[in-house]
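Quick note, the sequences are listed as chains A and B, same order.
Note that the first sequence covers residues 1 to 507 in this note's numbering.
Note that the second sequence covers residues 1001 to 1498 in this note's numbering.
All C-beta atoms, glycine included, are put in the ideal place defined by N, C-alpha and C.
Here the structure is a predicted model, which is why all the values come from computation and not from measurement.
Right, one structure below, let's go through it.
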Amino acid sequence: MIRHDYSRVDPKRRANIDHKKKQFAKAEFAQQHYDHRLNFYTLPPTAEITLEEFETWAINRLKVLSELEACSFRNKSPEETAEYMTSILNKYLPLRSNTSRSQALQEERKKDHYSHYILRLAFSSTEDLRRRFSRLETMLFRLRYKEDDFKEREQFVKSLNLEWEEVGEAEKRELRDQLLAATGGKKSAAGEEQEWCKVDWERVPELVEQRRVFLRRGKAYVPQSQQMSLVVAEFTKWLDDALELTARALPRLDEDDRLAPILAHLSQSFTAPEAAYTSSDASIDGLSAIHANAIDSLSENFPLCMRNLHMNLRANSHLKHYGRLQYTLFLKGIGLSLEECIVFWRRSFKLMTDDKFQKEYRYNIRHVYGDVGGDANRRGRGYTPYSCQKILTEPLPGPGQSHGCPYRTFTPENLSALLQRVGVQDRNVLKTVREDVQKQRYHVACNRVFEYGHQREIKKVRDEGSWSATDLDTIVHPNTYFKRSWLLKHLGEGNAGMVGDDEKMEE
Amino acid sequence: MPHSTAPDPMSAGDSQTMSETTIKPEPSTQDVAMEDAPSPAGDNKAKVELEELFDDNDSDQEFPSSVPAKSEEDLSQPTTFKISDTSTFSDPDVMRAFYQRLFPFRHFFQWLNHSAVPGPDFAHREFAFTLANGALLRYQSFPTADVFRKHCIKEVPPRFDIGPVYSTNPRDRKSLRKASAFRATSRELVFDIDMNDYDEIRTCCTGAKVCHKCWTFITMAIKVVDTALREDFSFKHILWVYSGRRGAHAWVSDKKAREMDDNRRRSLAGYLELVRGGDQGSKRVSIRRPLHPHLERSLNILKEHFQTTILAEQDPWAEKSEHLLNLIPDATLRAALQKKWDSSPSRPSASKWADIDSVAKSGALSKTSRELLEAKQDIVLEYTYPRLDADVSKKLNHLLKSPFVVHPATGRVCVPIDPKRVEEFDPLGVPTVTELLKEIDEWEGEEDEKKVHDWEKTSLKPYIDYYKTFVSGLLRDEKEQMSVKREREEQHGDAMDF
Chain A
1 MIRHDYSRVD
11 PKRRANIDHK
21 KKQFAKAEFA
31 QQHYDHRLNF
41 YTLPPTAEIT
51 LEEFETWAIN
61 RLKVLSELEA
71 CSFRNKSPEE
81 TAEYMTSILN
91 KYLPLRSNTS
101 RSQALQEERK
111 KDHYSHYILR
121 LAFSSTEDLR
131 RRFSRLETML
141 FRLRYKEDDF
151 KEREQFVKSL
161 NLEWEEVGEA
171 EKRELRDQLL
181 AATGGKKSAA
191 GEEQEWCKVD
201 WERVPELVEQ
211 RRVFLRRGKA
221 YVPQSQQMSL
231 VVAEFTKWLD
241 DALELTARAL
251 PRLDEDDRLA
261 PILAHLSQSF
271 TAPEAAYTSS
281 DASIDGLSAI
291 HANAIDSLSE
301 NFPLCMRNLH
311 MNLRANSHLK
321 HYGRLQYTLF
331 LKGIGLSLEE
341 CIVFWRRSFK
351 LMTDDKFQKE
361 YRYNIRHVYG
371 DVGGDANRRG
381 RGYTPYSCQK
391 ILTEPLPGPG
401 QSHGCPYRTF
411 TPENLSALLQ
421 RVGVQDRNVL
431 KTVREDVQKQ
441 RYHVACNRVF
451 EYGHQREIKK
461 VRDEGSWSAT
471 DLDTIVHPNT
481 YFKRSWLLKH
491 LGEGNAGMVG
501 DDEKMEE
Chain B
1001 MPHSTAPDPM
1011 SAGDSQTMSE
1021 TTIKPEPSTQ
1031 DVAMEDAPSP
1041 AGDNKAKVEL
1051 EELFDDNDSD
1061 QEFPSSVPAK
1071 SEEDLSQPTT
1081 FKISDTSTFS
1091 DPDVMRAFYQ
1101 RLFPFRHFFQ
1111 WLNHSAVPGP
1121 DFAHREFAFT
1131 LANGALLRYQ
1141 SFPTADVFRK
1151 HCIKEVPPRF
1161 DIGPVYSTNP
1171 RDRKSLRKAS
1181 AFRATSRELV
1191 FDIDMNDYDE
1201 IRTCCTGAKV
1211 CHKCWTFITM
1221 AIKVVDTALR
1231 EDFSFKHILW
1241 VYSGRRGAHA
1251 WVSDKKAREM
1261 DDNRRRSLAG
1271 YLELVRGGDQ
1281 GSKRVSIRRP
1291 LHPHLERSLN
1301 ILKEHFQTTI
1311 LAEQDPWAEK
1321 SEHLLNLIPD
1331 ATLRAALQKK
1341 WDSSPSRPSA
1351 SKWADIDSVA
1361 KSGALSKTSR
1371 ELLEAKQDIV
1381 LEYTYPRLDA
1391 DVSKKLNHLL
1401 KSPFVVHPAT
1411 GRVCVPIDPK
1421 RVEEFDPLGV
1431 PTVTELLKEI
1441 DEWEGEEDEK
1451 KVHDWEKTSL
1461 KPYIDYYKTF
1471 VSGLLRDEKE
1481 QMSVKREREE
1491 QHGDAMDF
């Protein structure tokens, strides 16, 4: 089916002819035989399964996907993820290679196939779910693709019939230097044997973005070693299209009251990630309504990302767009009202004329708070404060910009200097932070700094047992950082006990 | 000679008013009626006007000539509006005259419409008007060039931006049954290069200022980006436009570029983007070796500029060499250089740059010469490689100031830049509205058989001529693609089996 994607038939008509042909000509997929471990899930399953299987298979796959998502939230490297996932995959969704000659081979693949389709049903209803599902399925596919047996993988790729134009010998010789330079290959004998194929650059956007392929006249020259990117891109594209179709077909499922509850249940248990911002982060007992002029003193309790923005703002009396956005959202999150927020920015931009501020900045602040803008924005009361994950996955700041997570964007030397400026003097802490950062564990570093800055208070609440373990869980949101920091620094002011109640409400 | 300030001041006998009233019928039906049905009113007359409508060279009603109106206006309102030294470009009368007489509406329309016959590419295109009080009026759209022109003359917007083409008419967006039916479907791939981003490496000006010295940064950027877009991505129709003050925009109008989704745009922008990292990151440029062919080529383009523009003109390290020192990876070499430069801090940058090699040769290098070379390449790139405002390019629905608009702060017209002659472009020589209007007044030529458009009397002429060529090239390609597509469809229609 894939092949038709690139033939020149009008897409609208194609769906019809092919579909009918496939559906009525020969029911070839009634009992599918799975030749390959990997699957592009192009043909829907048609065999019967029990309702119980329907549910358990789906739950198992869901477990795998949510663990994968957790890995990406924790910023694990691909290697760490692969290692972590091995046991989980073996337990919930084993998928052995042909060489294993296992009896259960076909059974496993069937389960993989069916569970994928069940989740497709469950997660096609909203744009949000679709995007998440497609991202996670792509991750899973990539993971499996990587560890697949080389030969079997090659066969699988061949079976897909992707239309790739091979680069001929003459062209290869002509472009040899550029090809090698683009892929960072060494000019060794091994490089010569590499096969290359030519595709439209649009099909390998990630390779293009990272400048990992040679481009000429709109064609990308992809080396065999980078084929994964091509296959994965193909997989995602295919899945996205299919999800779109599923979403449109979904209403017709309504008559089935056996499956609908299961599907609804599945998609509910796949709700937003744990790092979501909750309004309770804004309500801190003992902290009265915040005024614009209190920010300076409160900034002692800010996480490094926000403190850095604050210091930059004070130093330059200005912040660039993304810095303003990140900081405004955070301030909104700690409970600064719109009016006070406008006052805060107006005063902070002290070199600017009133007119310029009113014209160019005020609207944006109001938009963030949902005071102006489209219907959806106003109803949703503007944007939600950024989580660590959001801040960490955004593009790096450019010249003159200071948003983002300093643990990620600063060089180790500058980071140390910044930490010392905010009062982290301990050599050991600075050293371990540096190690964390090198391993790209930015949130670990941030939490370490938090613990260092609040060690006495944390010890106290631990000893007293006034805070539960969940209250001291890893911080994954700047607003949680502030809240916890403020509460710890104001212990014994009649609020220590309140924290637990709040946190429970979040769950 | 006075400029007419009202939209239609001319008498009924005037040919312009005549034709305008006859071709004025409801916009939506206009093209259909003109296309195939002979006008019932009178064949001869309709034909003449049709030709007028589609002919490129002669009797262009959108660019009125001053001749026919001359005598009458001189009589009726001898001194209504005369450009004087005191008129400023923000004066609505000046802007009105600009839209009436100079703005190339027809070519502008064809550029966005991709054909001479009005279609959804233009009609569903969002225009955003900046009003005189600074408010932004979004989601405006116009069925034809004529309606658009009239609107501009009536409202006299100080500037307007171009947005994407939407799936439906942007004006109807609120009356749709489903909000999701309203989405951006296509728009040119755009780039924005702004002098602002060069502030930390330019020494001549800061902020909104620009001079010939720092304009070279933009020249370099245009060369590099233009080459990459043409050679690597095989885009052909790239319109570079002076942004009116201190930067340049690019509009890639190829069909393929217009139809790219956000994802593709992001990866293309990422491909071209090199200088990253905030103020606290260390090196702005860090790249893999061997150099990607695109970077290798860019480096070759930029090398000579580095010698002239950076070392000689900008002279960035004359008094402060810390940043340069920080970029040198070798500790011993760095120490040796520091010592040398501390004793003569005002050494010009060119000498300091040469010092790096000479000191390294004298034995102060603890790393390989290869590493030093690579570090030096990085420095060259950091100081010369284009600094794109990448966010502009990444989103399909980003608004960008239209070409030929007058920059509200400088009065300069946002004229196209020919990338083949980018070296010759002088941002400070770009005419301002007031200058142009004066040129029309001062023009003394024969205007007998062939009417001369107002813009032809001004220094705007070469720019509009270039734009015309650009647009007709685009239209030709567009037409070819359409016919290829049609052929293909026909072939497939036969082969279809049901």
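What residue does the beta strand (DSSP E) around Q1140(B) start on, and which one ends it? As a first step, residue 1140(B) must be located in the second sequence, where it is residue number 140. Boundaries of the beta strand (DSSP E) around Q1140(B): 1136 to 1140.
Measuring CA to CA, which of E234(A), S102(A), R173(A), R135(A) is closest to V157(A)? As a first step, residue 157(A) must be located in the first sequence, where it is residue number 157. Of E234(A), S102(A), R173(A), R135(A), the residue nearest in Cα terms is E234(A).
Cβ-based neighbour list, G382(A), same chain, cut-off 6 Å, excluding 5 preceding and 5 following: The sequence position of residue 382(A) within the first sequence is 382, counting from 1. Correct list, in chain order: V368, Y369, G370.
On the premise that S1402(B) lies in contact with D1194(B), defined as a C-beta separation below 8 Å, what is that separation, rounded to the nearest angstrom? As a working note, residue 1194(B) is residue 194 in the second sequence. As a working note, residue 1402(B) is residue 402 in the second sequence. Rounded, the Cβ-Cβ distance is 17 Å, inconsistent with contact.
Specify the secondary structure class of F357(A) as computed by DSSP and reduced to three states. The sequence position of residue 357(A) within the first sequence is 357, counting from 1. DSSP places F357(A) in helix when its eight states are reduced to three.
To the nearest angstrom, how far is the alpha carbon of I1222(B) from that of T1384(B)? Sequence index remark: in the second sequence, residue 1222(B) carries index 222 (1-based). Sequence index remark: in the second sequence, residue 1384(B) carries index 384 (1-based). Answer to the nearest angstrom: the Cα atoms are 12 Å apart.
List the endpoints of the continuous beta strand (DSSP E) containing A220(A). For the purposes of this step, residue 220(A) is taken as residue 220 along the first sequence, with counting starting at 1. Where A220(A) is concerned, the enclosing beta strand (DSSP E) stretches over 219 to 223.
Inter-residue CB distance, R37(A) and S97(A) (contact presumed, cutoff 8 Å): What you label residue 37(A) is simply residue 37 of the first sequence in a count that begins at 1. What you label residue 97(A) is simply residue 97 of the first sequence in a count that begins at 1. About 5 Å separates the Cβ atoms of R37(A) and S97(A), confirming a contact at the 8 Å cut-off.
Give, in chain order, every unbroken run of the alpha helix (DSSP H) that is at least 4 residues long and sits entirely within the region 290 to 351 of chain A. Taking 4 residues as the shortest admissible run, the region 290 to 351 of chain A contains the following complete alpha helix (DSSP H) segments, listed from N- to C-terminal end: 295 to 298, 304 to 316, 321 to 333, 338 to 348.
Whole angstroms is fine: what's the gap from P1027(B)'s alpha carbon to F1109(B)'s? Here residue 1027(B) is taken as the residue at index 27 of the second sequence, counted from 1. Here residue 1109(B) is taken as the residue at index 109 of the second sequence, counted from 1. At P1027(B) the pLDDT is 41, less than 50, meaning the model places this residue with poor confidence; the figure from the coordinates comes in the next sentence. Taking the straight line from one Cα to the other gives about 14 Å.
Expressed to the nearest angstrom, what Euclidean distance is found between the alpha-carbon atoms of I290(A) and F123(A)? Here residue 290(A) refers to the residue found at position 290 when the first sequence is read from its first residue. Here residue 123(A) refers to the residue found at position 123 when the first sequence is read from its first residue. Take the alpha-carbon of I290(A) and the one of F123(A): they are about 41 Å apart.
Close Cβ partners of I49(A) (< 7 Å) along its chain, the five nearest in sequence each way excluded: As a first step, residue 49(A) must be located in the first sequence, where it is residue number 49. The residues Y114, in chain order, have a CB closer than 7 Å to that of I49(A) in the same chain once the five nearest residues on each side in sequence are set aside.
Please list, in chain order, all residues of the same chain as Y41(A) whose beta carbon is under 6 Å from its beta carbon, the five residues on each side excluded. Stepping through the first sequence from its first residue, residue 41(A) is reached at position 41. H116.
Taking the C-alpha atoms as reference points, what is the distance between Q1307(B) and A1350(B)? As a first step, residue 1307(B) is located in the second sequence; it is residue number 307 there, counting from the start. As a first step, residue 1350(B) is located in the second sequence; it is residue number 350 there, counting from the start. CA-CA distance, Q1307(B) to A1350(B), rounds to 8 Å.
Could you work out which residue in A1135(B), K1174(B), P1157(B), A1116(B) is closest to D375(A) when comparing CA atoms only? In the first sequence, counting from the first residue as 1, residue 375(A) sits at position 375. Nearest option by C-alpha distance: K1174(B).
When you compare the CB of Q326(A) with every CB in chain B, is at least one pair closer than 9 Å? For this step, residue 326(A) is matched to residue 326 along the first sequence. No, no contact with chain B.
Cβ of A189(A) within 9 Å of any chain B Cβ: Here residue 189(A) is taken as the residue at index 189 of the first sequence, counted from 1. For A189(A), the predicted structure reports a pLDDT of 44, less than 50, and the residue's modelled location is therefore unreliable. The matter cannot be settled from this model.
If distances are taken between C-alpha atoms only, which option among C1204(B), I1238(B), Y1466(B), T1469(B) comes closest to A1188(B)? In the second sequence, residue 1188(B) corresponds to position 188, counting from 1. As written in the sequence, residue 1188(B) is Glu, which differs from the Ala given in the question. Comparing Cα-Cα distances from E1188(B) to each of C1204(B), I1238(B), Y1466(B), T1469(B), the minimum goes to I1238(B).
Kindly list the residues whose CB is nearer than 8 Å to the CB of S100(A), restricted to its own chain and excluding five residues on each side of it in sequence; keep chain order. Working through the first sequence from its first residue, we reach residue 100(A) at position 100. Excluding positions up to five away in sequence, the list is empty.
Name the chain B residues that come within less than 7 Å of E202(A), Cβ to Cβ? Stepping through the first sequence from its first residue, residue 202(A) is reached at position 202. Going along chain B in sequence order, the residues near E202(A) (Cβ under 7 Å) are R1264.
Along the chain, where does the alpha helix (DSSP H) containing G1163(B) start, and where does it finish? Working through the second sequence from its first residue, we reach residue 1163(B) at position 163. For G1163(B), there is no enclosing alpha helix (DSSP H); the enclosing beta strand (DSSP E) has its first and last residue at 1159 to 1166.
Could you give the C-beta distance for P397(A) and T409(A), rounded to a whole number, given that I count them as a contact under 8 Å? Counting from 1 along the first sequence, the entry for residue 397(A) is found at position 397. Counting from 1 along the first sequence, the entry for residue 409(A) is found at position 409. For P397(A) against T409(A), the beta-carbon gap comes to about 6 Å, under 8 Å, which counts as contact.
In whole angstroms, what separates the C-alpha of R1125(B) from that of K483(A)? Stepping through the second sequence from its first residue, residue 1125(B) is reached at position 125. Stepping through the first sequence from its first residue, residue 483(A) is reached at position 483. One C-alpha to the other measures close to 47 Å.
Can you tell me whether DSSP reads F235(A) as helix, strand or coil? Counting from one through the first sequence, the residue named residue 235(A) turns up at place 235. DSSP places F235(A) in helix when its eight states are reduced to three.
Mind pulling the chain B residues with CB within less than 7 Å of Q178(A)? Position 178 of the first sequence holds residue 178(A). Contacts between Q178(A) and chain B, judged by CB atoms closer than 7 Å, involve P1293 in chain order.
Check whether chain B comes within 9 Å of V433(A), counting only Cβ atoms and requiring the distance to be less than that. Indexing the first sequence from 1 puts residue 433(A) at position 433. Using a CB distance cut-off of 9 Å, V433(A) does not count as an interface residue toward chain B.
Using alpha carbons as the reference points, say which of D426(A), K63(A), C446(A), R346(A) lies closest to T530(A). For chain A, the structure presents residues 1 to 507; residue 530(A) sits outside this window and is missing.
How do the region 328 to 338 of chain A and the region 352 to 359 of chain A stand: do at least 3 beta-carbon pairs fall below 8 Å, yes or no? Counting Cβ pairs under 8 Å, fewer than three are found: no touch.
Are the C-beta atoms of L173(A) and some chain B residue less than 9 Å apart? Reading the first sequence from its first residue, position 173 is the one you call residue 173(A). According to the sequence as given, residue 173(A) is Arg; it is not Leu. R173(A) does not count as touching chain B.
Taking only three categories from DSSP, how would you classify E1487(B)? Taking the first residue of the second sequence as position 1, residue 1487(B) is located at position 487. Note: E1487(B) maps to helix in three-state DSSP.
Which value, in whole angstroms, describes the spacing of the CA atoms of D240(A) and W201(A)? Position 240 of the first sequence, counted from the start, is the residue given in the question as residue 240(A). Position 201 of the first sequence, counted from the start, is the residue given in the question as residue 201(A). So the alpha carbons of these two residues sit roughly 19 Å apart.
Same chain, Cβ closer than 6 Å to H1114(B), five either side skipped, listed in chain order: Within the second sequence, residue 1114(B) is the residue found at index 114, counting from 1. So the qualifying residues of the chain are D1121, E1478.
Spatially closest choice to K1213(B) from R1246(B), S1362(B), R1488(B), D1357(B), by CA coordinates: Within the second sequence, the letter at position 213 stands for residue 1213(B). Scanning R1246(B), S1362(B), R1488(B), D1357(B) for the CA closest to the CA of K1213(B) turns up R1246(B).
Name the chain B residues whose beta carbon is nearer than 8 Å to that of A181(A)? Residue numbering aside, residue 181(A) sits at position 181 when the first sequence is read from its first letter. Correct list: P1290, L1291, H1292, P1293, E1296.
Tell me which residues share the same chain as L1112(B) and place their Cβ nearer than 8 Å to its Cβ, disregarding the 5 neighbours each side in the sequence. Numbered from its first residue, the second sequence carries residue 1112(B) at position 112. Answer for L1112(B): D1121, F1122, R1125, I1162, listed in chain order.
Count the other CB atoms, across all protein chains shown, that sit within 10 Å of the CB of A181(A); report buried if there are 16 or more and exposed otherwise. The residue given as residue 181(A) occupies position 181 in the first sequence. Its Cβ being crowded by 16 or more others within 10 Å, A181(A) is buried.
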